[in-house]
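Contents: one structure, followed by commentary.
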Amino acid sequence: MASEKSFSLLSLVVLVLVVYSLIIINQCSVAAIISKSPEAEALLKWKGSLFQSQALNSWSLNVSPCNWTGITCNGAKEKVVEINLPSCGLQGTLDQLSFSSFPNLVHLDLANNALDGTIPTTIGALSRLTYLDLSNNQLSGTLPLSLANLTLISVLNISDNKLTGEIYARLFSNWSRISYIRLQNNQLIGKLPSEIGLLTNLTYLELSYNKINGSIPPSLGNLSKLANLSLFGNEIYGRIPPQIWNLTNLCCLDLGQNNLTGSIPSTIGRLSNLVLLHLLDNLISGKIPVEMGNLMNLHQLDLSDNNLSGPIPSSLGNATGLIFLCLYENQISGSIPSFIGNLTRLKRLRLGSNNLSGSLPQICQGGSLRIFSVRSNRLIGHIPASFRNCTALERFRLDNNQLSGNISESLGVYPNLIYIDLSFNRFYGELSPNWGDCINLTLVKITNNNIGGRIPHQIGHLSRLELLHFSSNHLEGEIPKELGGLPLLYDLRLDDNKLSGLLPQELGELSNLRLLDLSMNDISGPIPQEIGNCIKLRELRLNKNGLNGSIPFQVGNLENLGSILDLSQNLLTGRIPAQLEKLRKLELLNLSHNMLSGSIPSSFKEMVSLTSIDMSYNDLEGPLPDGKAFQQAPMDAFVKNKNLCGRVQGLQACNSSLMSPVDGAKGHKVVIIIVLPVVAVLLTLLVSIGIWFIHRWKSRNIENKDHKSRSHNITSIWNYDGKIIYEDIIEATENFDNKHCIGEGGYGKVYKAVLPEDQVVAVKKLHPLEDGEQVDQRTFMNEIRVLAEIRHHNIVKLYGFCSHVQCSFLVYQYMERGSLAGILKNEERAMELDWIKRTKVVKGVAYALSYMHHDCNPPIVHRDLSCNNILLDMDFEACVSDFGIARLLKLDSSNWSTLAGTYGYIAPEFAYTMKVTEKCDVYSFGVVSLEVIMGKHPGELISSLSTSMAKDILLKDILDQRLPPLTDRELKEVTSTVMLALACLRSDPQTRPTMYHVSQELSAMRVPSVEPLHTCTLLQLMDLKM
1 MASEKSFSLL
11 SLVVLVLVVY
21 SLIIINQCSV
31 AAIISKSPEA
41 EALLKWKGSL
51 FQSQALNSWS
61 LNVSPCNWTG
71 ITCNGAKEKV
81 VEINLPSCGL
91 QGTLDQLSFS
101 SFPNLVHLDL
111 ANNALDGTIP
121 TTIGALSRLT
131 YLDLSNNQLS
141 GTLPLSLANL
151 TLISVLNISD
161 NKLTGEIYAR
171 LFSNWSRISY
181 IRLQNNQLIG
191 KLPSEIGLLT
201 NLTYLELSYN
211 KINGSIPPSL
221 GNLSKLANLS
231 LFGNEIYGRI
241 PPQIWNLTNL
251 CCLDLGQNNL
261 TGSIPSTIGR
271 LSNLVLLHLL
281 DNLISGKIPV
291 EMGNLMNLHQ
301 LDLSDNNLSG
311 PIPSSLGNAT
321 GLIFLCLYEN
331 QISGSIPSFI
341 GNLTRLKRLR
351 LGSNNLSGSL
361 PQICQGGSLR
371 IFSVRSNRLI
381 GHIPASFRNC
391 TALERFRLDN
401 NQLSGNISES
411 LGVYPNLIYI
421 DLSFNRFYGE
431 LSPNWGDCIN
441 LTLVKITNNN
451 IGGRIPHQIG
461 HLSRLELLHF
471 SSNHLEGEIP
481 KELGGLPLLY
491 DLRLDDNKLS
501 GLLPQELGEL
511 SNLRLLDLSM
521 NDISGPIPQE
531 IGNCIKLREL
541 RLNKNGLNGS
551 IPFQVGNLEN
561 LGSILDLSQN
571 LLTGRIPAQL
581 EKLRKLELLN
591 LSHNMLSGSI
601 PSSFKEMVSL
611 TSIDMSYNDL
621 EGPLPDGKAF
631 QQAPMDAFVK
641 NKNLCGRVQG
651 LQACNSSLMS
661 PVDGAKGHKV
671 VIIIVLPVVA
681 VLLTLLVSIG
691 IWFIHRWKSR
701 NIENKDHKSR
711 SHNITSIWNY
721 DGKIIYEDII
731 EATENFDNKH
741 CIGEGGYGKV
751 YKAVLPEDQV
761 VAVKKLHPLE
771 DGEQVDQRTF
781 MNEIRVLAEI
791 RHHNIVKLYG
801 FCSHVQCSFL
811 VYQYMERGSL
821 AGILKNEERA
831 MELDWIKRTK
841 VVKGVAYALS
851 YMHHDCNPPI
861 VHRDLSCNNI
871 LLDMDFEACV
881 SDFGIARLLK
891 LDSSNWSTLA
901 GTYGYIAPEF
911 AYTMKVTEKC
921 DVYSFGVVSL
931 EVIMGKHPGE
941 LISSLSTSMA
951 KDILLKDILD
961 QRLPPLTDRE
971 LKEVTSTVML
981 ALACLRSDPQ
991 TRPTMYHVSQ
1001 ELSAMRVPSV
1011 EPLHTCTLLQ
1021 LMDLKM
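If you're matching positions, the sequence shown starts at 1 in my numbering and goes up one per residue.
Following this line, the structure appears as structure tokens:
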């Protein structure tokens, strides 16, 4: 019995061992199968090449790839048919992904990652692929021709990348099944191939925001199934082919921001399914056809910024579902049709900058309107009563019309309102306290009207307010102290009113204020010293008031004052505070028509940016400062003073004292008795010191020669504060590790270094020569010599240098916003650089070059001016940098030199004369100025200026389209800037203006008399005399 039990137990053990062995063998077999799968191996190899792949943690040989994240197989065969990895944070390239290992793949989605590099040509091996989405990555290079092998492809989306090159015709030859193509937001060039007409199953074509040129191929008319066609933001020209109007299935047609010409034909009425029609920002002319009324399904119609004329057809009222209606920047005439009042779903209505007349109809009866603009027309009458309840309004612009009525009765409370401009009309009445309930207001402009009464203190509750303009009205009473509680306010203009009382000291709490204009009022009392706390101020105008007392010395704290400080025509007394010499960026200073006494501080010579001063009609006496602005000012700037003297024509020379004859004689004797012994002692001391220094110099020279014979490892450190040392730089940059590199130029790399005490500097490490010798010492010492003598707020500051056998570097002021080129190339940063900031940048560069050419002796030519070496600080103040190839211009030398500079910025005559003159910089400045206005390098434009094409190039067409339309003020500044830029680009160097003349013109900002923006050509600006 016992033996039977033993046998049974032994059998059970054997059975367990057999089952366990089978399980192990099966698992090993599965692992072997997985490990041998070419798909798994290919995926793991690609995973290993990625820099970031946490989302792929499940990818392991211990698990079948069919169970991996993002992988789908085709059932029992366990072949990979789908790879779905959108928004997984993947970083790396596609180079290591073996597409040939996936013969069954039908779906590939890698959208919204950080993949870079090119699209491999091996992608053509995916012969069964029907869906490909690589959108929103950083892929570059061209579209590989091998994509034509994807004969089953239905959906192709490679939008929002960095693709370049042409769209090859061959790509369309095999895509007979494709229905969906998205390639927008790349940098594709060339013409759109006519072969695109072969894609007869296409329903969606999106090619916006590229650089496609040529005309629209008529073959697009073959795509009868097309529902969406978008070519927005390219460089397409010519007429819209009539075949387009046969695409009756179109729901969305977007051809905006191109160079299309011709008119809108009546056949547009065939597109009855259209929901969206955008033809904005082209050169389309003629009238809006009546047949547009057939488009009854329209939700969005944008024909703005063209040359359309005639009335708004009443048939548009058939499109009762309209949400957006934009017709601004045309030449449309007649009245605003009453049917617009029936468009109850309308959210955006923009009819500005036309020739519309008559009164406003009852608009916003549905209460949905958010954006309303009829600016710059010829409208009359009152604001319709329907606007009182239009509470959804966000932007409201009626400026530059002839509208009238009581403003306090016409407007209601708008809790969503952000922007309102009622300027240049005939409104009257008083400002309502209800303005304080418009809590989202950021910009308020109600200038040049007949508004009276007081400024309601409730405006001080608008915590988001950034700009407040009430200029040129009849406002009275005191300035509310509550305005000091607006933390974001940067622009406050209350000039040309009847405001009285004291200046509230609370204005000193406006820490973001850039512009303050309270001129031409009846304000009295002293200038509050708290005004010195507004350290970001760029312009301060308090002229034509009744201010008294002395100028507070705290005004000298306003070191960012740039354009103007005007305290003229007041009742100010006392001496001019010497602290004003800290205003090194100030361009215009006007203290005239006051009762100031004493002398003009001699330290004002340090105000290097001054271009215009006026000290007339005061009680000033004594010598003028040595500064250029004072010595070159006209006599009118000093008339009616007590006893000023200087080298200005009309003033007496400062060659004698103001003593009486008797006192003068006694004074001279005392001076002789005291001065002669002192001079003798000083001479003796100087001779002794000189002998000692010569001895020391000889000794050190001998030591240095001996040291050089032993070693070339010489370190030389020079700086202003003595804190920057070689070891600090090496430590801060981790021995110039690339992770600290912020840029590279022709002479070296630039690194960001955070030194002890958190001082941030830029360190330019110069490249060694190719043969292994030290860096070019001539270039190195040249840059030091030039920069060491320059003191100008628009030129980058040099803090120190090091000359070492291992590395040589320069230590510069760190500019937070980097290069101008970098900003213009970045969509978001370029939009932050608005029109006013851009013209300010151009001015800053002009001032820097004017200083180099006309205030340095001998003059300095930069020779490599480009957007790459113009740097911006946090306040968008421009500084010229990189003098690596600059040289001192000896007036008696020939200045022949080897070619230097950046391609695209070099003056044409330099290529064949090889002669350096200031006019080379002037030409480069012209290129930079146009690049700032256009947002891109103006190479093609410059080449066409000398041809007959110039007469057809409109100013509006070269403006950076990323920015909003120009305001009147911006238009004046941009027009002047372009006019000066064109003058600087003249082919004959002798006819180009000097940089001094350019800087003066930019400061004065004289507005040329030209045609309206719609018709103003570059040829007209070229013909104008400055």
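Note that beta-carbon positions come from the ideal geometry of N, C-alpha and C, so glycine has one too.
Asked	Found
Spatial distance of K837 from L226 (CA atoms)	43 Å
Beta-carbon proximity check, I407 vs I336, cutoff 9 Å	no
For M595, the residue or residues it bridges with in DSSP	T573
One or two residues paired with D254 in a DSSP bridge	S230, H278
Buried versus exposed, by CB contacts within 10 Å (16 or more), I535	exposed
Inter-stretch contact at 8 Å, needing at least 3 Cβ pairs: the region 747 to 767 / the region 575 to 586	no
Reference V639, options L620, A629, R647, P625, closest by Cα	L620
Host alpha helix (DSSP H) of T977 (start-end)	968 to 984
Under 9 Å between C-beta atoms of L644 and L624	yes
Identified DSSP bridge partners for T72	E82
Closest Cα partner of L954 within the set L516, A653, D281	D281
Nearest to G197 (by Cα), restricted to the options D109, P217, R170, Y903	P217
Distance between V648 and L980 (C-alpha atoms, nearest Å)	30 Å
Same chain only: Cβ atoms within 6 Å of I181, ignoring 5 sequence neighbours per side	L156, L205
For E476, the three-state DSSP class (helix, strand or coil)	strand
Residues near P504 by beta carbon distance below 7 Å, same chain, minus five either side	I479, K481, G484
Status (buried if at least 16 other CB within 10 Å, exposed otherwise) for P964	exposed
Beta-carbon proximity check, R992 vs L985, cutoff 9 Å	yes
Through-space distance from L129 to L110, alpha-carbon basis	14 Å
Coarse secondary structure for I312, derived from DSSP in three states	coil
Where L489 sits in the DSSP three-state scheme	coil
DSSP state of I363 mapped onto helix, strand, coil	coil
Burial state of L514, where buried means 16 or more other Cβ atoms lie within 10 Å	In the sequence under discussion, the amino acid at residue 514 is Arg, which differs from the Leu named in the question. So R514 counts as buried.
Inter-stretch contact at 8 Å, needing at least 3 Cβ pairs: the region 317 to 329 / the region 357 to 367	no
With 16 other Cβ atoms within 10 Å as the buried cut-off, status of R538	buried
Beta-bridge pairing of T261 - partner residues as DSSP gives them	R239
Secondary structure of D882, DSSP reduced to three states	coil
Rounded separation between G92 and V927 - CA only	37 Å
Buried or exposed by the 16-neighbour rule on C-beta atoms within 10 Å, applied to Q54	exposed
Cα-Cα separation, K445 to G165	46 Å
Same chain, Cβ closer than 8 Å to S127, neighbours up to 5 away in sequence not counted	P103, N149, L150, T151, L152
Assigned exposure category for F51 - 16 Cβ within 10 Å defines buried	exposed
C-alpha gap between H107 and S101, whole angstroms	14 Å
S999: CB within 8 Å of a non-hydrogen atom of the ligand NAP	The model depicted lacks the ligand NAP and carries no ligand whatsoever.
DSSP-derived helix/strand/coil call for G190	strand
For C920 and R863, believed in contact at Cβ under 8 Å, the rounded distance	7 Å
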